Structures are given as structure tokens and as C-alpha cells.
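A.B. asks: Below are the C-alpha cells for one structure; questions will follow.
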Amino acid sequence: MLEEKVTIITVVYNLVKSGRVKYFEQMVQSVQSQTYKNIEHIVLDGKSTDGTLELLDKYQKKGYIKYYSEKDGGPYDAMNKGIQKADSDYIIILHSDDYLYDKNAIYLQMKYLTKEKVDYVFGNTLFIDEKNKEIDVKSLPSIYDENFKFQKADNMHCFWMDIPFNHEGAIFKKSIFNKVTFGDIKKYGPSADFKFEIDLILNDFKYLYIPYNFLCFRLGGVSSKENKEFYNILEYFYRKFYPLEVKKEEYNILRQNPTPLFVYALKNYLISLDLKNFDYKKCFDFFDLILEKQNQRKAIDVLREMKVTSNQLTAKLFSFLPLFKIKNKNNTKHYNLFNFLPLLKVKTKANGSKSYKLFNFLPIMKIKKK
Numbered sequence: 010m011l012e013e014k015v016t017i018i019t020v021v022y023n024l025v026k027s028g029r030v031k032y033f034e035q036m037v038q039s040v041q042s043q044t045y046k047n048i049e050h051i052v053l054d055g056k057s058t059d060g061t062l063e064l065l066d067k068y069q070k071k072g073y074i075k076y077y078s079e080k081d082g083g084p085y086d087a088m089n090k091g092i093q094k095a096d097s098d099y100i101i102i103l104h105s106d107d108y109l110y111d112k113n114a115i116y117l118q119m120k121y122l123t124k125e126k127v128d129y130v131f132g133n134t135l136f137i138d139e140k141n142k143e144i145d146v147k148s149l150p151s152i153y154d155e156n157f158k159f160q161k162a163d164n165m166h167c168f169w170m171d172i173p174f175n176h177e178g179a180i181f182k183k184s185i186f187n188k189v190t191f192g193d194i195k196k197y198g199p200s201a202d203f204k205f206e207i208d209l210i211l212n213d214f215k216y217l218y219i220p221y222n223f224l225c226f227r228l229g230g231v232s233s234k235e236n237k238e239f240y241n242i243l244e245y246f247y248r249k250f251y252p253l254e255v256k257k258e259e260y261n262i263l264r265q266n267p268t269p270l271f272v273y274a275l276k277n278y279l280i281s282l283d284l285k286n287f288d289y290k291k292c293f294d295f296f297d298l299i300l301e302k303q304n305q306r307k308a309i310d311v312l313r314e315m316k317v318t319s320n321q322l323t324a325k326l327f328s329f330l331p332l333f334k335i336k337n338k339n340n341t342k343h344y345n346l347f348n349f350l351p352l353l354k355v356k357t358k359a360n361g362s363k364s365y366k367l368f369n370f371l372p373i374m375k376i377k378k379k
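Under this note's numbering, think of the first position of the sequence shown as 10, with each following residue one higher.
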């Protein structure tokens, strides 16, 4: 059986000046080492002026890539152009700083995409630093709990919170780009891929998650930086269902701490879409978990507001007259009448025995544990 052609699209600009030639070469080599061989590799250059074109020309002469150098409106605009130039029905976006995890990545993606008859396939991402050293995702800052395993699981159920998968670690049928494209970087910033993935879900494309590393993603690039344009993506989606008018920045607060109204509105919106390829149960279970944890936090906040601790308790008569005070110190409880007059002293020893003294000095009872 002949292998169907796959197109890999890479966007570059001034690789030499930015000191990223070695990363680009590592990326190209990861493509060349694939066991799946029917691959065209298109590189879109944004009119580099630093010697990058000479580098690209060298690899084009080897037959490794086909490159185009022209002005563009940013990386996402270039990616959309590359998709139009692709001479295949399958698209992979692979950035110049990243590389394919191993030689079997594309083979596995194509095997399951065609076998399961889905529109796109994604897997896990291995995060690396500038020296190719793996970064533990648990060390990355996160607003989520253990149920949101950042880029290390199928996170489609919480796509409304953050990007559910790395698009660079996925393969897409070219046909989906007739409905969905990468957004405008001027409006959505370096997180425009988040809007793209939201649209994938809203358009009900069929997907498959494979628990396997497809991509090595290098942290520290443009997409790793926080951007205010991210709020435009939240506004784009949340305004579809959230009934209250709020500032864009407030959508980020709702994202991190969704209110019961927000959850209710989002639930109803998702149900109204009647998506065939979305895991409603997993998503709604996640909603319940978030609200439960919020209630737990609220209970703790109430106790803090009462200013009651395990070491000290003050009772007041008529809300203003001090009645007694209980103070814990060195396994000893002191009960003071009117906050200052010693009333009772209870001392607990390590073995559990207790001694009770009236007015802090008169022994009245002793409980001994054997």
C-alpha cells in the first residue's frame, strides 16, 4: 500500500540573527529521520535579511525542503499560506525551534488518523529547554489541579480554560482548513492557536488522542510569553454564552475561577450545540470538581474571617464584654476569665495524661493513661 503524502509546514524569519540555526537544523533532521517517507517539507520565510536564505537554499538543494521567501502578516498568516501551497491532504505544523519526538511520530499519526477515520490526531508533548533537557510539566506554573495535566493528556474537556493540546504535535486533514484557519496574530497574539482549537471543537471535527509523545516543544519562544491579546480569545468565545457584560480582563478571572452562573451558561451553550465528538460527561464532571473546590475554599475563607484559630479562642458576652479566653501554648491550655483572670489550666503530656489546675496552681484532677 502506497503511503499518502504528508505536508510539514515550518515558518522562519532571521534564524541566523536570532541564533536559532542549530534548532532549525535539528528540526529538519527529525523530519528526515522519519520512517514515514512520503513527506514534503514547506518552509515559509518572512523575507529574512541575515543569511537565512542561504541556509534554506542549502537544504532545498539537498531535497529536504521547499522554501518560499515573501512578506507575511506574521507566523499564523504564513502558516495559512503554507497550507494553501501544500500538495497533500494531510498537514503538520512544525516550528523551527521544535522537533519530532522520534522516527515513528508521523507513521503513528497517519496510521491512526486513517484507521479511525478522524479529522485530526494529537498526542503528548515533551517540553525541553535550550539545551534539549526535558522540563517536568509539574514544575510549570498552573492555575489548575491534577485533573488538568498540561499537554500530557486529552484536555479537550477543559478547552474553555486553556489550549487543550499543542497544534505542533498534531496532524490534520487539509479539508478542515476550509472551515477553520489560524487567527490574526494582530488581534489574538501568539496564542492565536488557542482560538483555532476552540473553533475545531465548535465545528465538531472528529479527533483522536494517542497517549504518545509526538513533539519536543522548546520553551522560551514567542508563544511562551503572556500576552494581553489572549483576552480577545476569551472574549470571542465567552460572549457566545455568558449573559453579563464584563471587561475583557474580567473574562480571565472567570476562566480561573468560574462562577456557578458561568458554569451554568457554558453547560447550556455546549448542550445546545449538540456536538457529536465532544465528551460532555468528562467536561461536566470537571465543572462539578471546580465548583466543589471553590466551595471548600470559601469555607476556609469564612473561618479566616472569623479570626478563629486552634491556638486561641475568645468568647464575648453581649458581643462586646470579654467573657473568657482560651490560649494554647506548649501542650497547655489556659482558660482566663474576662481575658486576664486565670481560671483553669490543663496540661497534656506526650503519653496522653492530663492534669487540671484551678486558678493555674490548685490541682483538682489528673487523668493518667496507661
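Yeah, the Cβ is synthetic: ideal placement off N, Cα and C, and Gly gets one too. Just so it is clear, the structure is predicted and the values come from calculations on it, not from any experiment.
I need the DSSP call for K301, collapsed to helix, strand or coil.
C.D. replies: Your numbering for residue 301 matches position 292 in the sequence shown. Strictly speaking, residue 301 in this sequence is Glu, with Lys absent from that position. Judged by DSSP in its simplified three-state form, E301 adopts helix.
A.B. asks: How many angstroms separate the CA atom of F296 from the CA atom of V272?
C.D. replies: As a working mapping, residue 296 is identified with position 287 in the sequence shown. As a working mapping, residue 272 is identified with position 263 in the sequence shown. About 7 Å.
A.B. asks: Could you tell me whether the Cβ atoms of N286 and Y216 are closer together than 9 Å?
C.D. replies: For the purposes of this step, residue 286 is identified with residue 277 of the sequence shown, where counting begins at 1. For the purposes of this step, residue 216 is identified with residue 207 of the sequence shown, where counting begins at 1. Yes, they are a contact pair.
A.B. asks: Would you grab the beta carbon distance between I180 and M119 for me? Rounded to a whole angstrom, and I think it's under 8 Å.
C.D. replies: By 1-based counting over the sequence shown, the position of residue 180 is 171. By 1-based counting over the sequence shown, the position of residue 119 is 110. Between M119 and I180 the Cβ distance is about 7 Å, and since that is below 8 Å, they are a contact.
A.B. asks: Is the beta carbon of I102 sitting closer than 9 Å to the one on I194?
C.D. replies: For the purposes of this step, residue 102 is identified with residue 93 of the sequence shown, where counting begins at 1. For the purposes of this step, residue 194 is identified with residue 185 of the sequence shown, where counting begins at 1. Against a cut-off of 9 Å, the Cβ pair of I194 and I102 comes out as no contact.
A.B. asks: Over what stretch of residues does the beta strand (DSSP E) that includes S78 continue unbroken?
C.D. replies: Taking the sequence shown and counting its residues from 1, one reaches residue 78 at position 69. Per DSSP, the unbroken beta strand (DSSP E) holding S78 starts and ends at 75–78.
A.B. asks: Once you ignore the five residues that flank I207 on each side, which residues in its own chain have a CB closer than 7 Å to its CB?
C.D. replies: The sequence position of residue 207 within the sequence shown is 198, counting from 1. Residues of the same chain with a CB within less than 7 Å of the CB of I207, apart from the 5 flanking positions on each side, are F168, F246 in chain order.
A.B. asks: Where does V255 land, buried or exposed, given buried means 16+ other C-beta within 10 angstroms?
C.D. replies: In the sequence shown, counting from the first residue as 1, residue 255 sits at position 246. Under this definition V255 is an exposed residue.
A.B. asks: Could you tell me the alpha carbon to alpha carbon distance between Y129 and G83, rounded to whole angstroms?
C.D. replies: The sequence position of residue 129 within the sequence shown is 120, counting from 1. The sequence position of residue 83 within the sequence shown is 74, counting from 1. If you take the alpha carbons of Y129 and G83, they lie about 24 Å apart.
A.B. asks: Is the beta carbon of Y76 less than 9 Å from the beta carbon of V37?
C.D. replies: Here residue 76 refers to the residue found at position 67 of the sequence shown. Here residue 37 refers to the residue found at position 28 of the sequence shown. For Y76 and V37, no; Cβs fall outside 9 Å.
A.B. asks: Tell me whether E259 sits in a helix, a strand or coil according to DSSP, three-state version.
C.D. replies: On the sequence shown, position 250 is the one that residue 259 refers to. Reduced to three states, the DSSP call for E259 is helix.
A.B. asks: Within the same chain, show all residues whose beta-carbon is closer than 7 Å to that of L300, passing over the 5 residues directly before and after it, in chain order.
C.D. replies: Looking up residue 300 in the sequence shown gives position 291. If we look at L300 and ignore the five residues flanking it on each side, its Cβ neighbours are P269, V272.
A.B. asks: My understanding is that R227 touches D145, with C-beta atoms under 8 Å, so please give their C-beta distance in whole angstroms.
C.D. replies: Mapped onto the sequence shown, residue 227 falls at position 218. Mapped onto the sequence shown, residue 145 falls at position 136. Not really, about 15 Å apart at Cβ, beyond 8 Å.
A.B. asks: So, at 8 Å on beta carbons, what are the nonlocal neighbours of F293 in its own chain, with the 5 sequence-adjacent residues on each side left out?
C.D. replies: Your numbering for residue 293 matches position 284 in the sequence shown. Excluding positions up to five away in sequence, the list reads K276.
A.B. asks: Can you give me the start and stop residues for the beta strand (DSSP E) that S364 sits inside?
C.D. replies: The residue labelled residue 364 in the question sits at position 355 within the sequence shown. Its beta strand (DSSP E) spans residues 363–367.
A.B. asks: Are the beta-carbon atoms belonging to L122 and N222 less than 9 Å from one another?
C.D. replies: Indexing the sequence shown from 1 puts residue 122 at position 113. Indexing the sequence shown from 1 puts residue 222 at position 213. No, these two residues do not count as a Cβ contact at 9 Å.
A.B. asks: Mapping the DSSP letters down to three states, classify D66 as helix, strand or coil.
C.D. replies: For this step, residue 66 is matched to residue 57 along the sequence shown. Here D66 sits in helix by DSSP.
A.B. asks: First and last residue of the beta strand (DSSP E) that includes M374?
C.D. replies: Position 365 of the sequence shown, counted from the first residue, corresponds to residue 374. Where M374 is concerned, the enclosing beta strand (DSSP E) stretches over 371–376.
A.B. asks: Considering only the alpha carbon of each residue, which of T190, K356, L109 lies closest to I137?
C.D. replies: Position 128 of the sequence shown, counted from the first residue, corresponds to residue 137. Measuring from the Cα of I137, the nearest candidate turns out to be L109.
A.B. asks: Quick one: which unbroken alpha helix (DSSP H) runs of 4-plus residues sit fully inside the stretch 152–231? Chain order, please.
C.D. replies: 194–197, 201–211
A.B. asks: What does Y129 pair with, by DSSP beta-bridge criteria?
C.D. replies: Taking the first residue of the sequence shown as 1, we reach residue 129 at position 120. Answer is F181, Y216.
A.B. asks: Measure the Cβ-Cβ separation of P372 and S362 and say whether it is below 9 Å.
C.D. replies: The sequence position of residue 372 within the sequence shown is 363, counting from 1. The sequence position of residue 362 within the sequence shown is 353, counting from 1. Not a contact, by the Cβ cut-off of 9 Å.
A.B. asks: Quick check: what's the CA-CA separation for K188 versus D213?
C.D. replies: Here residue 188 refers to the residue found at position 179 when the sequence shown is read from its first residue. Here residue 213 refers to the residue found at position 204 when the sequence shown is read from its first residue. Whole-angstrom Cα-Cα distance: 11 Å.
A.B. asks: Is it right to say P267 is buried, meaning 16 or more other beta carbons lie within 10 angstroms of its own, or is it exposed?
C.D. replies: For the purposes of this step, residue 267 is taken as residue 258 along the sequence shown, with counting starting at 1. By the neighbour-count rule (16 or more Cβ atoms within 10 Å), P267 is buried.
A.B. asks: So, for K112: in the same chain, excluding its five sequence neighbours on each side, which residues have a beta-carbon less than 6 Å away from its beta-carbon?
C.D. replies: Within the sequence shown, the letter at position 103 stands for residue 112. S42, Q43, T44, listed in sequence order.
A.B. asks: Where does G178 land, buried or exposed, given buried means 16+ other C-beta within 10 angstroms?
C.D. replies: One-based indexing of the sequence shown puts residue 178 at position 169. G178 should be labelled buried.
A.B. asks: Can you say whether M374 is buried or exposed, counting buried as having 16 or more other CB atoms within 10 angstroms of its CB?
C.D. replies: On the sequence shown, position 365 is the one that residue 374 refers to. Counting Cβ neighbours within 10 Å, M374 comes out exposed, since fewer than 16 surround it.
A.B. asks: To the nearest angstrom, report how far apart Y153 and V127 are at their CA atoms.
C.D. replies: Taking the first residue of the sequence shown as position 1, residue 153 is located at position 144. Taking the first residue of the sequence shown as position 1, residue 127 is located at position 118. Per-residue confidence for Y153 stands at a pLDDT of 49, beneath the threshold of 50, marking its modelled position as unreliable; no derived number is given.
A.B. asks: Does DSSP put D54 in a helix, a strand or coil?
C.D. replies: Residue 54 sits at position 45 when you count from the first residue of the sequence shown. Of the three classes helix, strand and coil, the one that applies to D54 here is strand, per DSSP.
A.B. asks: In its own chain, which residues sit with a C-beta less than 7 Å from the C-beta of Y251, not counting the 5 before and 5 after it?
C.D. replies: Mapped onto the sequence shown, residue 251 falls at position 242. Cβ within range, chain order: F271, A274.
A.B. asks: Could you tell me how far apart the beta carbons of T61 and V15 are, in whole angstroms, since I believe they sit closer than 8 Å?
C.D. replies: Taking the first residue of the sequence shown as position 1, residue 61 is located at position 52. Taking the first residue of the sequence shown as position 1, residue 15 is located at position 6. Wrong, their Cβ atoms sit about 25 Å apart, outside the cutoff.
A.B. asks: Can you name, in chain order, every residue of its own chain whose Cβ lies under 6 Å from the Cβ of M170, other than the five neighbours on each side?
C.D. replies: Within the sequence shown, the letter at position 161 stands for residue 170. Excluding sequence neighbours, M170 sits near R264.
A.B. asks: Taking the C-alpha atoms as reference points, what is the distance between L352 and T341?
C.D. replies: Position 343 of the sequence shown holds residue 352. Position 332 of the sequence shown holds residue 341. Roughly 13 Å between the two C-alpha positions.
A.B. asks: Start and end of the beta strand (DSSP E) containing V40?
C.D. replies: Reading the sequence shown from its first residue, position 31 is the one you call residue 40. Element bounds for V40: not the beta strand (DSSP E) but the alpha helix (DSSP H), 30–41.
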